[in-house]
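S.K.:
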Amino acid sequence: MKKILATVFTIALLVSCSTPKNTANDLAVSNPIETELDLTKVVDDKVPVLINPGRFTQETVTYHLPKVVQGTYAVSDFGSFIDDIKAIDYNGNELSINKVDTNTWTIQNATQLDKITYLVNDTFDIERANTQPTPFSPSGTNIHPENFVLNLHGFIGYFDSLKNNQYKLEVAAPSSFVRTSALQNVGSKTSEDGKTITTSYFAPRYFDITDNPMMYGDLDVEEFEVENIKVVLSVYSPNKIHSAKKIKETVYKMMQAQKVYLGDINSTPRYDIFLFLAEQADGAPHGFGALEHHTSTVMVFPENAPEQALADNIVDIVSHEFFHILTPLSVHSEDVHYFDYNNPTFSKHLWMYEGMTEYFASIFQIDQGLVTETEFYNKMIGKIQMAASMDDTMSFTEMSENVLEQPYARNYFNVYQKGALIGMCLDIILREESNGNRGVLSMMKELSSKYGKNKPFEDDKIIDEIVAMTYPSVKTFFETHVIGTTPIDYTDYFTKVGLKFSESKIETNYIQNAGALIVGANQEAGNIFFNDLVINNSFWKEQGVKSGDIIKSIDGTEVTMQNANQIFQEVFMWQPGKDIKVVLNRSGEEVVIEATLTQSFTTGKVLQQSETATEAQNNLRNSWLKG
Ligand SMILES: [Zn+2]
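Residue numbers for the sequence shown follow our numbering, beginning at 1 and rising by one.
1. How many Å lie between P133 and A311 at the Cα?
2. Just to confirm, are F301 and Q258 a CB contact at a threshold of 8 Å?
3. Using a Cβ-based criterion (distance less than 7 Å to any ligand heavy atom), does E292 qualify as near ligand 3?
4. Quick one: what does DSSP say H337 is sitting in, helix, strand or coil?
5. If the criterion is Cβ atoms closer than 8 Å, does the pair A244 and V226 meet it?
6. Using the Cβ count rule (16 or more neighbours within 10 Å means buried), how would you classify T393?
7. Grab me the residues of S623's own chain with a C-beta within less than 7 Å of its C-beta, minus the 5 sequence neighbours each way, in chain order.
8. What is the DSSP secondary structure of A244, reduced to helix, strand or coil?
9. Should D26 be labelled buried (16 or more other beta-carbon atoms within 10 Å of its own) or exposed?
10. Tell me whether S587 is buried or exposed, calling it buried when 16 or more other Cβ atoms sit within 10 Å of its Cβ.
11. At a cut-off of 7 Å, is H349 close to ligand 1 when judged by its beta-carbon and the heavy atoms of the ligand?
12. Roughly how many angstroms lie between the CA atoms of G627 and F413, to the nearest whole one?
13. Just verifying my parser: in three-state terms, what is the DSSP assignment at Y408?
14. Which partner residues of L65 appear in the DSSP bridge assignment?
15. Do you know how far the Cα of S502 is from the Cα of A305?
16. Quick test of your reading: H286 and E127, contact by CB under 8 Å. State the CB separation rounded to the nearest angstrom.
17. Counting only the same chain and skipping the five closest in sequence on each side, list residues whose C-beta sits under 7 Å from that of N537.
18. Taking 6 Å as the limit between beta carbons, can you name the residues of its chain near Q256, skipping five residues before and five after?
19. From what residue to what residue does the beta strand (DSSP E) around T476 run?
20. Please name the residue or residues paired with R205 in a DSSP beta bridge.
21. Quick check on DSSP: helix, strand or coil for A28?
22. Expressed to the nearest angstrom, what Euclidean distance is found between the alpha-carbon atoms of F202 and P328?
23. According to the neighbour-count rule (16 or more other Cβ atoms, all chains shown, within 10 Å of its Cβ), is T62 buried or exposed?
24. If you draw a straight line from the C-alpha of F207 to the C-alpha of E375, how long is it?
25. Less than 8 Å separating the beta-carbons of S333 and D459?
26. When you compare only the Cα positions, how much space is there between F494 and T612?
27. Leaving out five residues on either side along the sequence, give the residues of the same chain with a beta carbon under 7 Å from the beta carbon of N31.
28. Return the residue from the list G71, I51, F56 that minimises the CA-CA distance to L65.
29. Give the single residue among D367, F360, L95 whose Cα lies nearest to the Cα of I422.
30. Return the CA-CA distance between T104 and F339, expressed in angstroms with no decimal places.
31. Among E292, K578, V120, V331, whose alpha-carbon lies nearest the alpha-carbon of A182?
32. I85 by DSSP, collapsed to three states: which one?
33. Between which two residues does the alpha helix (DSSP H) holding I363 run?
34. If contacts are defined as beta-carbon pairs under 8 Å, then V628 and R270 qualify, I think. What distance do you get, rounded to the angstrom?
35. Measuring CB to CB, does T476 end up less than 8 Å from S395?
36. According to DSSP, is E458 part of a helix, a strand, or is it coil?
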């Protein structure tokens with residue numbers, strides 16, 4: 001998963017997961033579980049769902065919707081979106097069905113169970129109204145006359161031990177709908193009146209239901225080839241502000257470079273990108289970012305993002321999601337492989353799944369000439385700044401293993417900051433030890449050929465294995481900075497590659513100074529304010545903004561704790577030339593700023609080649625940056 005901006009304002013979630021994994025009971029069902037979604041019969045924004053599991057030989061069966069889905073590292077509770085659930089016997093009568101917890105139901109007399117029916121509410125609808133956390137938008141669901149986001153784990157559940165059974169899925173929808181799916185399409189039929197087309201899909205097991213999203217409705221779709229991968233880009237832009245054709249150019253250039261960087265690695269014949277662009281309106285999602293799957297990704301961005309900002313963020317996010325094919329999709333532990341959607345255990349290795357992935361998404365751009373050295377260094381410095389605002393003495397493996405609980409959950413965002421920096425330091429160590437020949441890409445490829453999609457590693461053994469494959473200095477690094485709690489001194493690593501820090505004037509955006517947030521949240525008072533750093537942000541300084549100014553509204557929208565994330569994610573994408581209006585509260589007095597954005601600058605650290613760098617240091621830098 002990848003979010004674009006720190007959710008510093010999000011009220012974090014406390015959950016305990018203590019129950020051990022279920023032991024499998026053998027049920028005598030071997031047919032595919034037949035499931036149906038009827039998008040033509042939506043009432044009150046709810047989709048009717050039918051689940052027909054075949055005949056059970058057991059007296060009691062348990063049905064679940066997922067509490068947690070893979071890649072999100074947070075509780076989603078998809079069961080809380082289910083209404084009017086009924087168990088029906090072979091005579092058409094209702095059987096009793098008991099709700100055990102938010103996501104679990106049990107049915108007695110299950111030998112008589114013919115089918116289960118229920119209605120599903122969408123998650124996008126309540127994101128803005130809800131004070132409780134809702135599923136991360138790219139893992140959520142949308143039910144709207146013009147657009148359906150079918151993250152299928154929001155609609156279809158599983159019976160206790162039948163997770164490995166095959167699934168058949170039929171989706172009925174108006175024949176006017178465009179439909180794209182990452183799940184294997186096995187046919188379709190049109191109703192007699194021609195108004196409805198029912199498409200049939202096949203899933204080898206429940207995992208594939210959760211791993212293959214779909215989008216239906218008024219979509220703009222473009223298909224193109226990248227090195228033998230067919231890429232299908234589906235865009236929903238409700239006000240037709242952005243088109244798939246334009247976005248395609250950005251995605252093509254980037255994925256082409258990624259494939260060249262990755263070289264000979266097994267990949268999928270088809271990759272789906274679902275892009276949902278959200279309006280500023282009730283019922284629209286605001287958890288901007290993306291969620292990875294084996295052969296697809298779902299992205300949610302604000303529709304009013306300027307074209308260039310949208311393109312930059314797509315490069316940033318899609319490159320990250322696509323690199324997930326290396327890890328965790330190919331290289332992962334047993335916790336990931338045998339994922340329990342209701343009582344998940346978590347691997348210690350988010351430094352790998354998210355950190356390495358984020359690092360690859362940055363280093364490939366310099367390797368392939370998509371960015372300059374300076375741009376790459378500035379990105380790494382931004383990550384150092386962001387990491388410094390989180391708990392830098394928290395063991396990364398401990399955080400990872402306990403990621404649903406506090407204080408770990410609120411440090412999750414560090415996987416994209418310090419996690420990527422761990423990847424960078426490892427890369428430099430490997431290059432140094434191998435005379436420039438080995439790096440983290442070759443390390444991950446070695447692991448990928450040893451393990452791969454179908455063979456998980458043992459969570460407690462993988463670091464020792466990596467050390468055995470590489471060098472003793474790698475062991476010291478892991479023990480000190482990944483398992484251990486000692487912060488990394490990045491100067492040591494930059495010195496190895498002949499770089500030094502200096503102070504300089506640098507470009508920044510309107511919410512950060514080179515990665516450090518210039519706004520803070522006062523949880524008790526429920527407001528957002530500019531912090532001390534604002535005086536070192538040239539645009540705001542020129543407008544006379546002072547430390548402590550409370551931000552009342554931005555462009556006419558009142559800023560609240562509920563909408564702060566969304567508003568500041570949009571501010572994050574502001575570009576020079578835009579007209580803005582910001583209303584501040586300065587010690588009880590209203591201050592109105594009306595201005596046209598100019599490029600903002602801050603003073604901050606930059607990296608440059610050291611005059612005293614040796615030839616060996618410069619060579620090491622070249623092998624690090626250019627493979
Ligand atoms: Zn990710």
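Each residue gets a CB set at the ideal place from its N, CA and C atoms; glycine is no exception.
M.R.: On the basis of the data shown:
1. Along the sequence shown, one-based indexing puts residue 133 at 133. Along the sequence shown, one-based indexing puts residue 311 at 311. If you take the alpha carbons of P133 and A311, they lie about 29 Å apart.
2. Along the sequence shown, one-based indexing puts residue 301 at 301. Along the sequence shown, one-based indexing puts residue 258 at 258. In this structure, F301 keeps its C-beta atom at 8 Å or more from the C-beta atom of Q258.
3. Annotation note on ligand 3: not contained in the displayed structure, which lists ligand 1 as its ligands.
4. Sequence index remark: in the sequence shown, residue 337 carries index 337 (1-based). H337 sits in a helix when the DSSP states are folded into three classes.
5. Taking the first residue of the sequence shown as 1, we reach residue 244 at position 244. Taking the first residue of the sequence shown as 1, we reach residue 226 at position 226. Contact: no.
6. Position 393 of the sequence shown, counted from the start, is the residue given in the question as residue 393. With a threshold of 16 other beta carbon atoms within 10 Å, T393 falls short and is exposed.
7. Taking the sequence shown and counting its residues from 1, the one referred to as residue 623 is at position 623. By the criterion of a C-beta distance shorter than 7 Å, S623 is surrounded in its chain by R431, G436, once the five residues flanking it on both sides are discounted.
8. One-based indexing of the sequence shown puts residue 244 at position 244. Under the three-state reduction of DSSP, A244 is assigned to helix.
9. Against the sequence shown, residue 26 aligns to sequence position 26. With a pLDDT of only 33 at D26, under the threshold of 50, the placement of this residue in the model should not be trusted; the figure read from the coordinates follows. With fewer than 16 Cβ atoms within 10 Å of its Cβ, D26 is classed as exposed.
10. For the purposes of this step, residue 587 is taken as the residue at position 587 of the sequence shown. Label assigned to S587: exposed.
11. Numbered from its first residue, the sequence shown carries residue 349 at position 349. No, the Cβ of H349 stays beyond 7 Å of every heavy atom of ligand 1.
12. Taking the sequence shown and counting its residues from 1, the one referred to as residue 627 is at position 627. Taking the sequence shown and counting its residues from 1, the one referred to as residue 413 is at position 413. Roughly 28 Å between the two C-alpha positions.
13. Translated into the one-based positions of the sequence shown, residue 408 becomes position 408. Annotated three-state conformation of Y408 is coil, per DSSP.
14. Residue 65 sits at position 65 when you count from the first residue of the sequence shown. DSSP lists no partner for L65.
15. The count along the sequence shown starts at 1 and reaches residue 305 at position 305. The count along the sequence shown starts at 1 and reaches residue 502 at position 502. Between the alpha carbons of A305 and S502 lies a gap of roughly 33 Å.
16. Mapped onto the sequence shown, residue 286 falls at position 286. Mapped onto the sequence shown, residue 127 falls at position 127. The C-beta distance from H286 to E127 rounds to 6 Å, short enough to meet the 8 Å contact threshold.
17. Locating residue 537 in the sequence shown gives position 537, where the first residue counts as 1. Spatial neighbours of N537 in its own chain (CB-CB distance under 7 Å, excluding positions within 5 residues in sequence) are listed in chain order as T508, N513, I518, S600, T602.
18. Here residue 256 refers to the residue found at position 256 when the sequence shown is read from its first residue. In its chain, beyond the 5 residues on either side, V226 have a beta carbon closer than 6 Å to the beta carbon of Q256.
19. On the sequence shown, residue 476 is found 476 positions in, with the first residue counted as 1. Counting along the chain, T476 falls outside any beta strand (DSSP E), though it belongs to the alpha helix (DSSP H) covering 472-477.
20. By 1-based counting over the sequence shown, the position of residue 205 is 205. Beta-bridge partners assigned by DSSP to R205: none are found.
21. Sequence index remark: in the sequence shown, residue 28 carries index 28 (1-based). Low local confidence applies: a pLDDT of 39 at A28 is under 50, so the model's placement there is unreliable, with the coordinate-based value given in what follows. Annotated three-state conformation of A28 is coil, per DSSP.
22. Working through the sequence shown from its first residue, we reach residue 202 at position 202. Working through the sequence shown from its first residue, we reach residue 328 at position 328. Going by C-alpha positions, F202 is about 24 Å away from P328.
23. Locating residue 62 in the sequence shown gives position 62, counting from the first residue. With 16 or more Cβ atoms within 10 Å of its Cβ, T62 is classed as buried.
24. Within the sequence shown, numbered from 1, the residue matching residue 207 stands at position 207. Within the sequence shown, numbered from 1, the residue matching residue 375 stands at position 375. Roughly 39 Å between the two C-alpha positions.
25. Taking the first residue of the sequence shown as 1, we reach residue 333 at position 333. Taking the first residue of the sequence shown as 1, we reach residue 459 at position 459. Yes, they are a contact pair.
26. Sequence index remark: in the sequence shown, residue 494 carries index 494 (1-based). Sequence index remark: in the sequence shown, residue 612 carries index 612 (1-based). In a straight line, the C-alpha of F494 is about 13 Å away from that of T612.
27. For this step, residue 31 is matched to residue 31 along the sequence shown. Only G54 meet the Cβ criterion.
28. The residue labelled residue 65 in the question sits at position 65 within the sequence shown. Restricting attention to G71, I51, F56, the CA atom closest to the CA of L65 is found in I51.
29. Looking up residue 422 in the sequence shown gives position 422. For the set D367, F360, L95, the Cα lying nearest the Cα of I422 is the one of F360.
30. Within the sequence shown, numbered from 1, the residue matching residue 104 stands at position 104. Within the sequence shown, numbered from 1, the residue matching residue 339 stands at position 339. Approximately 17 Å, taken between the alpha carbons.
31. In the sequence shown, counting from the first residue as 1, residue 182 sits at position 182. Nearest C-alpha to A182: E292.
32. As a first step, residue 85 is located in the sequence shown; it is residue number 85 there, counting from the start. Here I85 sits in strand by DSSP.
33. In the sequence shown, residue 363 corresponds to position 363, counting from 1. 357-367 is the extent of the alpha helix (DSSP H) around I363.
34. The structure shown does not extend to residue 628, since the chain is modelled only from 1 through 627, so no value can be given for it.
35. If you number the sequence shown from 1, residue 476 lands on position 476. If you number the sequence shown from 1, residue 395 lands on position 395. No, they are not a contact pair.
36. As a first step, residue 458 is located in the sequence shown; it is residue number 458 there, counting from the start. Shown here, E458 sits in coil according to DSSP, grouped into three states, outside any helix or strand.
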